[in-house]
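A quick write-up on the structure given underneath.
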Amino acid sequence: ELGPFRLVQPFVGASIVANMGKRASGEQSGKDKKHKLADPDQKLADPDDWDCPICSVSLTGRIFQCAQGHHLCQECLDKVTSTPPRKCPSCSQDMPSPAIRNLALEKLASKLTFACTWGCGFQGLAEGIEKHKGTCSLRPLPCPLESCTHKCKATEMLEHLSSQQHANDCAVFKTCVLVSPWGNGSDAVLKQGKPVVLPVPGQDPVLLLDRQRKDGFWQCHVCHITPSQLKFTANIGSRPARGQVSITGLTTSVQHARNTVDLEHNLVLHSRQFKHLLGEDGCIKLDFKFVGGVQVL
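What follows is the structure, given as structure tokens:
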């Protein structure tokens, strides 16, 4: 007790200040030794102090807290407050509305160097780590199928989508070349149905979503599942060849395609053109080429 005052709960940054003092005096923790800094004058944030207690990702962006001082990141705050009961995961008390930001902790974080949460080796100040989070190749990504809550690295996503778990949820192709009947049979991949997954050499898989025939057109969304937006060329022709049409564009994200009402499709062709490009066997051939991309944050 301090006079008439009693300390109810330790200051949320107390252990942070203590650890910073240890590093300033030359004392290193085990985690400091593991992550060697390029600049010895910089202070490497200790994950025990600076990871969000909910998702274990570094607190390098906006930092929020409940009325009792328990902190959490922006993403976890959005999840906690989006649906009832809207309780703090640490103390189960109601989350304040509007949300309370911890500006002092954010300022302190901006002066520290953080190591990538997912272990890729990247290090940077809080602002740099925030940008890195959206592009890290080891970042866990949510499965692009609506019925699934699984998360995995981008390099493991094709294996996950090809698993028995999703045998009835999507059609995974071995190449980026599709040969499909124009009709509505069970083997017609052009008709509206479950998502088509294309394995892209040197890139992450691509999804064809919302395939449909509408108002005399065939259209679909060509979607990327990672922050890397790809440039594509769809060569559409017959088998055997009787002509070809090439359409170029940029992929859109799966989330944007699903959440944006009346989003314009990025692959559109008039039905009459399709019929002229049919082969003698009544099939149409779509040959996709993905020629690079740009990072979308």
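Each position in the sequence shown, counted from 1, maps to that position plus 807 in this note's numbering.
We treat Cβ as the ideally placed atom computed from N, Cα and C, and that holds for glycine.
Segment limits, alpha helix (DSSP H) that includes W857
Translated into the one-based positions of the sequence shown, residue 857 becomes position 50. Segment 854-857, the alpha helix (DSSP H) holding W857.
Report the CB separation of V1007 from F980 in whole angstroms; it is logged as a contact under 8 Å.
Taking the first residue of the sequence shown as position 1, residue 1007 is located at position 200. Taking the first residue of the sequence shown as position 1, residue 980 is located at position 173. Rounded, the Cβ-Cβ distance is 11 Å, inconsistent with contact.
Compute the Euclidean distance between the alpha carbons of A911 and C873, then round it to the nearest angstrom.
Your numbering for residue 911 matches position 104 in the sequence shown. Your numbering for residue 873 matches position 66 in the sequence shown. A911 and C873: Cα-Cα distance of roughly 15 Å.
Find the nearest neighbour of H1031 within the set F1097, L1085, R1065, V1061, judged by alpha-carbon distance.
Within the sequence shown, the letter at position 224 stands for residue 1031. Of all alpha-carbon atoms in F1097, L1085, R1065, V1061, the one lying nearest the alpha-carbon of H1031 is that of V1061.
Measure the C-alpha to C-alpha separation of L1005 and Q971 and round it to an integer number of angstroms.
By 1-based counting over the sequence shown, the position of residue 1005 is 198. By 1-based counting over the sequence shown, the position of residue 971 is 164. Taking the straight line joining both Cα atoms gives about 17 Å.
DSSP on E1087, reduced to helix/strand/coil?
In the sequence shown, residue 1087 corresponds to position 280, counting from 1. Look at E1087 here: in three-state DSSP terms it is coil, with no helix or strand label.
Just the Cα atoms here: how many angstroms apart are D1069 and L851?
Counting from one through the sequence shown, the residue named residue 1069 turns up at place 262. Counting from one through the sequence shown, the residue named residue 851 turns up at place 44. Taking the straight line joining both Cα atoms gives about 46 Å.
Let's test the definition: count the other Cβ atoms within 10 Å of the Cβ of T982 and tell me whether it reaches 16, buried, or not, exposed.
Stepping through the sequence shown from its first residue, residue 982 is reached at position 175. Answer is exposed; the Cβ neighbour count stays below 16.
Status (buried if at least 16 other CB within 10 Å, exposed otherwise) for N975
As a working note, residue 975 is residue 168 in the sequence shown. So N975 counts as exposed.
Here's the rule: buried if 16 or more other CB atoms are within 10 angstroms of the residue's CB, otherwise exposed. What is T956?
Mapped onto the sequence shown, residue 956 falls at position 149. Exposed, since its Cβ has fewer than 16 Cβ neighbours within 10 Å.
Where does N1073 land, buried or exposed, given buried means 16+ other C-beta within 10 angstroms?
Walking along the sequence shown from the start, residue 1073 turns up at place 266. Counting Cβ neighbours within 10 Å, N1073 comes out buried, since at least 16 surround it.
Cα-Cα separation between M902 and P949, rounded to whole angstroms
Along the sequence shown, one-based indexing puts residue 902 at 95. Along the sequence shown, one-based indexing puts residue 949 at 142. Computed Cα separation, rounded: 26 Å.
Apart from the five residues just before and just after K829, which ones in its own chain have a Cβ nearer than 6 Å to its Cβ?
Here residue 829 refers to the residue found at position 22 of the sequence shown. At K829 the pLDDT is 39, less than 50, meaning the model places this residue with poor confidence and gives no usable figure here.
Looking only at its own chain, which residues have a Cβ that is under 7 Å from the Cβ of G1023, when we skip the five neighbours before and after it?
Translated into positions along the sequence shown, residue 1023 becomes position 216. Answer for G1023: H1077, S1078, listed in chain order.
Buried or exposed for V864, going by 16 or more other Cβ atoms inside 10 Å?
Numbered from 1 along the sequence shown, position 57 holds the residue referred to as residue 864. When all chains shown are included, V864 counts as buried.
State whether the stretch 927-947 contacts the stretch 958-971, with contact taken as three or more CB pairs (one from each stretch) at a distance under 8 Å.
Cβ pair count under 8 Å is three or more, so yes.
In this structure, does DSSP put N1073 in helix, strand or coil?
The residue you call residue 1073 lines up with position 266 of the sequence shown. Residue state, collapsed to three classes: coil.
On the DSSP bridge list, what partners appear for G941?
Sequence index remark: in the sequence shown, residue 941 carries index 134 (1-based). Note: G941 sits in no beta bridge, so no partner.
Close Cβ partners of N909 (< 8 Å) along its chain, the five nearest in sequence each way excluded
Position 102 of the sequence shown, counted from the start, is the residue given in the question as residue 909. Result list for N909: V819, I870, F871, Q872, H878, in chain order.
According to DSSP, is T920 part of a helix, a strand, or is it coil?
Here residue 920 corresponds to residue number 113 of the sequence shown, with the count starting at 1. Strand.
The alpha helix (DSSP H) spanning K1001 covers which residue range?
Reading the sequence shown from its first residue, position 194 is the one you call residue 1001. K1001 -> no alpha helix (DSSP H), and no H or E assigned at all.
Sequence-distant residues of the same chain with beta carbon closer than 7 Å to Q1026, five excluded per side:
Indexing the sequence shown from 1 puts residue 1026 at position 219. Excluding positions up to five away in sequence, the list reads Q1019, H1072, L1074, V1075.
For P891, would you say it is in contact with chain B, using Cβ-to-Cβ distances shorter than 7 Å as the test?
The structure shown contains no chain B; it is built from a single protein chain.
Could you give the DSSP three-state label for H877: helix, strand or coil?
What you label residue 877 is simply residue 70 of the sequence shown in a count that begins at 1. Coil at H877, not helix or strand.
When you compare only the Cα positions, how much space is there between C895 and K1092?
Here residue 895 refers to the residue found at position 88 of the sequence shown. Here residue 1092 refers to the residue found at position 285 of the sequence shown. Near 54 Å, if we compare the C-alpha coordinates of K1092 and C895.
Less than 6 Å between C-beta atoms, sequence neighbours within five positions excluded: which residues of the same chain meet that for W857?
For this step, residue 857 is matched to residue 50 along the sequence shown. For W857, where only same-chain residues beyond five positions count, the Cβ hits under 6 Å are S865, L866.
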